[in-house]
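Asker: For the record, the sequence lines run as chains X, H and P.
So for the first sequence, the UniProt record's numbering puts the first residue at 1; every next one is plus one.
So for the second sequence, the UniProt record's numbering puts the first residue at 1; every next one is plus one.
So for the third sequence, the UniProt record's numbering puts the first residue at 1; every next one is plus one.
From the three backbone atoms N, C-alpha and C, an ideal C-beta is built for every residue, glycine too.
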Amino acid sequence: MNPRWFYSLLFLSTLLSGLAHWFWPGEAVRFTLASLSLILWAAMLGKATESVAHYAGDRLGGFLNATFGNAAELIIATFLVREGLLDMVKASITGSIIGNLLLVLGLSLLFGGLKYRVQSFNPVLAGHNVSLMLLAVIGLFVPAALSFQLSAGERETLSLIIAGLLIIGYILWLIFSMITHKRELTVDQKEVEGEKDEALSANPASETPDWSKGLSILLLLVSTFFVAIQSEWLVGSIEAVAHALGWSELFVGAFLIAIIGNAAEHSAAIFLAMKNRMGAAVEIAVGSSLQIALFVSPALVFISLFFQKPMNLVFTTAELTAVAVSAFIAASISRDGSTNWYEGVMLLIVYLILGSAFYLV
Amino acid sequence: MNPRWFYSLLFLSTLLSGLAHWFWPGEAVRFTLASLSLILWAAMLGKATESVAHYAGDRLGGFLNATFGNAAELIIATFLVREGLLDMVKASITGSIIGNLLLVLGLSLLFGGLKYRVQSFNPVLAGHNVSLMLLAVIGLFVPAALSFQLSAGERETLSLIIAGLLIIGYILWLIFSMITHKRELTVDQKEVEGEKDEALSANPASETPDWSKGLSILLLLVSTFFVAIQSEWLVGSIEAVAHALGWSELFVGAFLIAIIGNAAEHSAAIFLAMKNRMGAAVEIAVGSSLQIALFVSPALVFISLFFQKPMNLVFTTAELTAVAVSAFIAASISRDGSTNWYEGVMLLIVYLILGSAFYLV
Amino acid sequence: MNPRWFYSLLFLSTLLSGLAHWFWPGEAVRFTLASLSLILWAAMLGKATESVAHYAGDRLGGFLNATFGNAAELIIATFLVREGLLDMVKASITGSIIGNLLLVLGLSLLFGGLKYRVQSFNPVLAGHNVSLMLLAVIGLFVPAALSFQLSAGERETLSLIIAGLLIIGYILWLIFSMITHKRELTVDQKEVEGEKDEALSANPASETPDWSKGLSILLLLVSTFFVAIQSEWLVGSIEAVAHALGWSELFVGAFLIAIIGNAAEHSAAIFLAMKNRMGAAVEIAVGSSLQIALFVSPALVFISLFFQKPMNLVFTTAELTAVAVSAFIAASISRDGSTNWYEGVMLLIVYLILGSAFYLV
C-alpha cells in the first residue's frame, strides 16, 4: 500500500473509532471501526517491531514485542479481575496461550512455509522453550489435579506459592537468556544459516530500514499504545455483539478476546515468517505465550489480592486440556528448530478442534 | 521354503479354507484353516510389497502396503458399524493402532536389532510421524476429556467436526509427503547411510527382484485381496472360539481381531527390518497406525451416518489410555531415527501391560 | 577440609550417633547426630564413588552407586512393608523418584552450571533414559487409570503382571547397556568432548586418585553400609520429630525420608557435576530413579506376598501426578545431552511446586 494512503487511513480510522466509542450508541459501528483501526495499528506495530528488531537483534526485538503486546492483555485482565469476572480472566489467559501457540505460530509456519520450502531457527532456544512450556503446564496441572483434595483456603495458598515460583522462574529465565547465555540462544546466526538454502531470499543485513533507531522505538511505543486502546474498545463492544449472536462466555473469552488481543503478535510474526526470519517469528508467538503463562497469569493471582475476590490457579478441565494439548503439539513441532507449511497446518487443525470444543461446551 | 511347495500350500489352504467357510459347521476347523491360509498370504504380501517397494521407493511402497492392509480393516469395521456393534469398532480401532505401534514396530525393532547392532531411518520423517501421532491422540482426547460436559447431540457434532478436520489433515499430509516435500521425507538415502555401519548387510540395489514391476503390483493386489478375505472369515469364526474361551469383547476386539487383521503389516515390516530396511519397516508400522487414526476412524464416523446408529469419537478411558501410552512410548523411541533390539523390547513390554489390563477390565 | 580432621569427625559422629541410638531417649539429639554422621558418610561415599568410577568407567561407577544407594531404600521399604505401612512405602517410592529426577539432578545441573557454561553428556544414553522413564510412568499409570474398573483381586493380579514385566525390562536393560551396547552408551567419550569447551577444567585422566582400586571398592562398600545404617536411624527418629511439627505422612514419606535416603546420591552427583563429569552425575540421578521405578518398586510387590498385606501398584493421584510431571520435565531437559544452570532451576522449581502441593494435601 502507498505509505501516504496508509497513514491517512490509520489516522482517520482511529479518529472515527474514538468518536464512535465516546458518542455513538450502536455496538456494530463501534465494533467495525475499532476492528479496522486495530488491524492498521497492528500492521504499524509489525513494521515498527521489525525495524527495532533490525537494530536490537531478533531476540530482544521479539521480547520487546511480546512484552508490549502482553501489556495490553495484562491491563484488560486487571480490569476484569477488578470486576470479579475471574472465569473470564482464566478463559482469556487460556485463549492467549493457545492463540499464540496454535493460531499465531500456525499461521506463521503456514505462510512462511508456502514461500520457503524449509525454515529454521536456533534449536537450543527451541529446546528451552519446550521445557518452559512444560513448566507452565505443570504449574497449572498440579493445582487442578489435586484441587478436589484441597480446601478453598489451601487452593489459595498453593496458587500463591506456585505463582511466586513461576514469576521467579520467569525472571531467572530473562537473566539466563538475556545475560548469562545470550550467545547460545541468539536467533541471528541460525537465521543466516537457514537462509543459505534459499539463494534469493531477503537478506536482513542488506535491507535499510525506513526509520532511525530512535523513531523506530517511538513508533513501537505509540502503536503498542493504540493497539491496546483499540483492543479495549473492541472488547467493550464485542461482548454485546457476541451475546447477540448467542456465544458462551468461555468461547468469547478464549477465542474472540484472545484473537483480537493478539492481533499485534499475529501480524508481526507472520510478517517476519514471510521474510524468512522464522527465529524472530517463533520468539514472538512462543515467547508471548510463555510470558502470559509464566508472568501475566501468576501476576494476576497477586494483583487479585488487592480486590474483593482472590483469583486462584485452578483452571477448568476444558482450559487445562486446551493448554496442555497446545503445549505438546507446539513442542513436538518446534523441537527440531526446523519448520514447514504442513507443521503450520497441524497447529491450525488443533486450534480448530479446540475452538469447536469450546464453542459447544 | 521351496517356491513350488509354498505356492502349492498357498493354493491348497485357500481352497480348503473356502470350502470350510461355506460348508463346514465346526468353528475350530474353519479357524485353523483360515489362520494357515492367512499366514501364507501374508508372507506372499510381504514379498510382493518388498518387490513393489524396490521399484517404487521405500516410502511409496510402505504407503501402498499400509493402505492395502487397512482397506481390509475398513471393510470389516464397516460391517461392524452396519450391525451397530460400535463398541467393537472402537475396540478394534484401538487395537489396530496399538498393535501397529507396539507389536508390529516392537517385533521389527527386536528382530532387526538382533541381526544389526543399530538401525537407522530418516529422522525428519520420524519427527513428523511423532507430531501426527500426537494430532491423532488430541483428536481422541479432546472429546473424551469434555464428554461429561456435552449432550449426546453435541458429542455427535463435535465428533463430526473433528473427524472432518482429521481427514483434511490426512489428505494434506499425503500432499505434503508425496508431492511438496517428497525429497526431505524419503527413507532411501538414510537407509543407505545406515547400512554403511554394517559392511556385510544386504544392499537393496544389488538384489534383483524375482518379479517384474507389473507382476509385483498384480501380486500385491491379489495377496491383499486374499488377506482381507481370510481375515474376515477368521474374524467370523474367532468370535465363537473366543467366547468359548470366556474372553471379553474388548479384549477380543482390541487384541485378537487387531493381531489377525494386522498380520500383513507384521510379516512385511519384520521382513524388511531383518533386511536392514528399517525406514520401510517403520513406515509400514507407524504409517498404518496413523492411517487408521487419521483416516479409517474418522471415515467410520461419516459412514455410520448411513446406518441406524451414528458413531462418535468418544472412546473409553481404557482405550484412550492405550492409544496415548502407545503414541508416547513409540514417539520417544522413534524420534531420533535410530533403533536397536532393546527399544523393541520396551514396546513389547508396554503391549503386554496393555494386553493384561484389557484382559482383566 | 584437612583429611585427618575429616576422618576424626567421621569416626566421632558415627560413634556418638550409635550411642545415642541405643542409649539416649531424646529424639532431637539422635536426629542431629545421625544427620551429621550421614552427611559425612555421604561425602565419603561420594569420594569413594568417584574413585571407583575412575577405575571402572563412569557408567559402571554410576550404576554401582545407584545400586548401593538404593539397597538402603529397599531395606527400609521392606521393613515398612512388614509393618503393613503400604501408603508410606508408596509415598517414599514416589519421593525417591522425584527426589532423584528433580532435586539431585536439579542441584547437579545448577551447581555444575554455575561453574561451567554448558555441560554435556551422551545424548544416546539420555534418549534411552527418557524412554525408560516413560516405561516406568506407564507401568504406574495403567493400573491407576483403570483401577475403578477393577476388583481388588484383579488389581493384585495386574500389579503382579506389571511388576514382573518391569523387572524383566530392567534386567534386559542391564544386559543391553552393560553387555551388548556398552560402546554406544558409554559416557566417557562425550565427557571428554564436553570438556574441550572449558580449557582449564579438570581432566579425569590426569587426576591420580588417592586410593588404589581395591581400597576404593572397600571404602565404597563400607560407606554405603554406614549411609544405610544412619539413614535408618534417622528415619526412626525423624518420624517423631516430624509428627511433633504436625506434618502429614505423605509429606514425610515423599520428602523427608526421600531427601535423607538419597543423601548419598546427592553429594556424589553434585560432586561429579562440579568436576564437569556431568555424564556420571546424570547417571547417578536418573539411573537411581529408574532403578527405584523399574526394580525396587516392582520387587516390593513380590516381597509383600511374604507378609500379611499384599502391595499393589495402584498409586494415588497425587503420587502419580508427581512421578509423571517429574519424568516429563526431566526428559525434556535431558533429551539433548546438554545442560546449564537454568535447566537446574526449572527442575528445582517443579520440586518446590510438588513439595508445596504434598505439604497441603
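In chain order, what residues of the same chain have a beta carbon less than 6 angstroms from the beta carbon of H:Pro298, not counting five sequence neighbours either side?
Answerer: On the second sequence, residue 298 of chain H is found 298 positions in, with the first residue counted as 1. Closer than 6 angstroms at Cβ, skipping near neighbours: Ala163, Leu166, Ile167.
Asker: Which residues bound the alpha helix (DSSP H) around X:Asp336?
Answerer: Taking the first sequence and counting its residues from 1, one reaches residue 336 of chain X at position 336. Run containing X:Asp336: none; DSSP gives neither H nor E here.
Asker: Determine the burial state of P:Lys275: buried for a count of at least 16 other Cβ atoms within 10 Å of its Cβ, exposed for fewer.
Answerer: In the third sequence, counting from the first residue as 1, residue 275 of chain P sits at position 275. Result: buried.
Asker: Under a Cβ-count criterion, where at least 16 other Cβ atoms within 10 Å of its own Cβ denotes burial, should X:Tyr351 be classed as buried or exposed?
Answerer: If you number the first sequence from 1, residue 351 of chain X lands on position 351. The residue in question, X:Tyr351, is buried, as its Cβ has 16 or more Cβ neighbours within 10 Å.
Asker: Ignore the nearest five residues each way along the sequence and tell me which others in P:Ala281's own chain have a CB closer than 6 angstroms to its CB.
Answerer: For the purposes of this step, residue 281 of chain P is taken as the residue at position 281 of the third sequence. Same-chain partners within the cutoff: Ser108, Ala269, Leu272, Ala273.
Asker: Please check if any C-beta of chain C sits within less than 7 angstroms of the C-beta of H:Val345.
Answerer: Among the protein chains in the structure shown, which are X, H and P, there is no chain C.
Asker: Thinking C-beta only, is P:Leu105 closer than 7 angstroms to P:Leu290?
Answerer: Taking the third sequence and counting its residues from 1, one reaches residue 290 of chain P at position 290. Taking the third sequence and counting its residues from 1, one reaches residue 105 of chain P at position 105. No, they are not a contact pair.
Asker: For P:Leu110, which of P:Gly287, P:His266, P:Ser356 has the nearest alpha-carbon?
Answerer: Here residue 110 of chain P corresponds to residue number 110 of the third sequence, with the count starting at 1. Minimum Cα distance to P:Leu110 is reached at P:His266.
Asker: So, at 6 angstroms on beta carbons, what are the nonlocal neighbours of X:Ile333 in its own chain, with the 5 sequence-adjacent residues on each side left out?
Answerer: As a working note, residue 333 of chain X is residue 333 in the first sequence. The residues are Glu343.
Asker: Candidates H:Leu10, H:Ser288, H:Val296, H:Met278: which alpha carbon is nearest H:Leu101's?
Answerer: For the purposes of this step, residue 101 of chain H is taken as the residue at position 101 of the second sequence. Comparing Cα-Cα distances from H:Leu101 to each of H:Leu10, H:Ser288, H:Val296, H:Met278, the minimum goes to H:Ser288.
Asker: Of the choices H:Ala242, H:Leu125, H:Ile171, H:Ser177, whose alpha-carbon is the least far from that of H:Phe295?
Answerer: Stepping through the second sequence from its first residue, residue 295 of chain H is reached at position 295. Of H:Ala242, H:Leu125, H:Ile171, H:Ser177, the residue nearest in Cα terms is H:Ile171.
Asker: So, X:Ser92 versus X:Ile292, is the Cβ gap smaller than 7 angstroms?
Answerer: Here the question's residue 92 of chain X lines up with position 92 in the first sequence. Here the question's residue 292 of chain X lines up with position 292 in the first sequence. Taking 7 angstroms as the Cβ cut-off, X:Ser92 and X:Ile292 do not qualify as a contacting pair.
Asker: Can you check whether the C-beta of P:Ala357 is within less than 7 angstroms of a C-beta belonging to chain X?
Answerer: For the purposes of this step, residue 357 of chain P is identified with residue 357 of the third sequence, where counting begins at 1. Taking a beta-carbon distance threshold of 7 angstroms, P:Ala357 counts as an interface residue toward chain X.
Asker: Which of helix, strand or coil does DSSP assign to X:Ser237?
Answerer: Taking the first sequence and counting its residues from 1, one reaches residue 237 of chain X at position 237. If DSSP states are grouped into helix, strand and coil, X:Ser237 belongs with the helices.
Asker: Can you list, in chain order, the residues of the segment 70-81 of chain P whose Cβ is nearer than 7 angstroms to any Cβ on chain X?
Answerer: none
Asker: Name the two residues that bound the continuous alpha helix (DSSP H) containing P:Phe31.
Answerer: Position 31 of the third sequence, counted from the first residue, corresponds to residue 31 of chain P. Looking at the DSSP string, the run of the alpha helix (DSSP H) that includes P:Phe31 is 27-56.
Asker: What residues from chain X crowd round P:Ile329, counting only those whose CB sits closer than 8 angstroms?
Answerer: Within the third sequence, the letter at position 329 stands for residue 329 of chain P. Ser131, Leu134, Leu135, Ile138, listed in chain order.
Asker: Need the endpoints of the alpha helix (DSSP H) that P:Gln291 sits in, please.
Answerer: Here residue 291 of chain P refers to the residue found at position 291 of the third sequence. Run containing P:Gln291: 278-291, per the alpha helix (DSSP H) assignment.
Asker: Along the chain, where does the alpha helix (DSSP H) containing H:Arg117 start, and where does it finish?
Answerer: Start at 1 with the first residue of the second sequence, and residue 117 of chain H comes out as number 117. Unbroken run through H:Arg117: none, as it is neither H nor E.
Asker: Go ahead and label X:Asn70 buried or exposed: buried means 16 or more other beta carbons lie within 10 angstroms of its beta carbon, across all protein chains shown.
Answerer: Within the first sequence, numbered from 1, the residue matching residue 70 of chain X stands at position 70. Label assigned to X:Asn70: buried.
Asker: In whole angstroms, what is the alpha-carbon distance linking P:Gly113 and P:Trp341?
Answerer: Taking the first residue of the third sequence as position 1, residue 113 of chain P is located at position 113. Taking the first residue of the third sequence as position 1, residue 341 of chain P is located at position 341. Cα atoms of P:Gly113 and P:Trp341: separation of roughly 4 angstroms, rounded to the nearest angstrom.
Asker: Select from P:Val130, P:Ser216, P:Leu38, P:Gly153 the residue whose C-alpha is nearest the C-alpha of P:Tyr55.
Answerer: The residue given as residue 55 of chain P occupies position 55 in the third sequence. Per the Cα distances, P:Ser216.
Asker: Taking 7 angstroms as the threshold (C-beta atoms), are X:Val301 and X:Ser159 in contact?
Answerer: The sequence position of residue 159 of chain X within the first sequence is 159, counting from 1. The sequence position of residue 301 of chain X within the first sequence is 301, counting from 1. Yes, Cβ-Cβ distance for X:Ser159 and X:Val301 is below 7 angstroms.
Asker: Does any residue of chain H have a CB that is nearer than 7 angstroms to the CB of P:Phe176?
Answerer: Residue mapping note: residue 176 of chain P aligns to position 176 of the third sequence, counting from 1. It does: the Cβ of P:Phe176 has a partner Cβ on chain H nearer than 7 angstroms.
Asker: Hey, is H:Gly169's beta-carbon within less than 7 angstroms of any beta-carbon in chain X?
Answerer: By 1-based counting over the second sequence, the position of residue 169 of chain H is 169. Yes, contact with chain X.
Asker: Indicate whether at least one CB of chain P lies closer than 7 angstroms to the CB of H:Asp87.
Answerer: In the second sequence, counting from the first residue as 1, residue 87 of chain H sits at position 87. It does not: the Cβ of H:Asp87 has no partner Cβ on chain P nearer than 7 angstroms.
Asker: Can you check whether the CB of X:Val130 is closer than 7 angstroms to the CB of X:Ala331?
Answerer: For this step, residue 331 of chain X is matched to residue 331 along the first sequence. For this step, residue 130 of chain X is matched to residue 130 along the first sequence. Against a cut-off of 7 angstroms, the Cβ pair of X:Val130 and X:Ala331 comes out as a contact.
Asker: For chain X, find out if any of its Cβ atoms is closer than 7 angstroms to the Cβ of P:Ser108; answer yes or no.
Answerer: By 1-based counting over the third sequence, the position of residue 108 of chain P is 108. Answer no: the Cβ-Cβ gap between P:Ser108 and chain X never drops below 7 angstroms.
Asker: Have a look at X:Pro209 and X:Leu220 and give me their C-alpha separation to the nearest angstrom.
Answerer: Against the first sequence, residue 209 of chain X aligns to sequence position 209. Against the first sequence, residue 220 of chain X aligns to sequence position 220. Between X:Pro209 and X:Leu220, the C-alpha separation is close to 14 angstroms.
Asker: Considering only residues of the same chain and omitting the five flanking positions on each side of H:Ala144, which have a CB-CB separation below 7 angstroms?
Answerer: The residue given as residue 144 of chain H occupies position 144 in the second sequence. Here the set comprises Val314, Phe315, Leu320.
Asker: Which residues of chain P have a Cβ atom closer than 7 angstroms to the Cβ of residue 362 of chain H, listed in chain order?
Answerer: Since the first residue shown for chain H is 1 and the last is 361, residue 362 of chain H is missing from the structure and cannot be characterised.
Asker: Quick one: is H:Tyr7 buried, meaning 16 or more other Cβ sit within 10 Å of its Cβ, or exposed?
Answerer: The residue given as residue 7 of chain H occupies position 7 in the second sequence. Exposed, since its Cβ has fewer than 16 Cβ neighbours within 10 Å.
Asker: Run through chain X and tell me which residues come within less than 7 angstroms of H:His266, C-beta to C-beta.
Answerer: Taking the first residue of the second sequence as position 1, residue 266 of chain H is located at position 266. In chain order: nothing, as chain X lies at least about 27 angstroms away.
Asker: In its own chain, which residues sit with a C-beta less than 6 angstroms from the C-beta of P:Ala34, not counting the 5 before and 5 after it?
Answerer: Sequence index remark: in the third sequence, residue 34 of chain P carries index 34 (1-based). Ser17, Gln230, Trp233, Leu234, listed in sequence order.
Asker: Under three-state DSSP, which class holds P:Gly127?
Answerer: By one-based count along the third sequence, residue 127 of chain P stands at place 127. DSSP places P:Gly127 in helix when its eight states are reduced to three.
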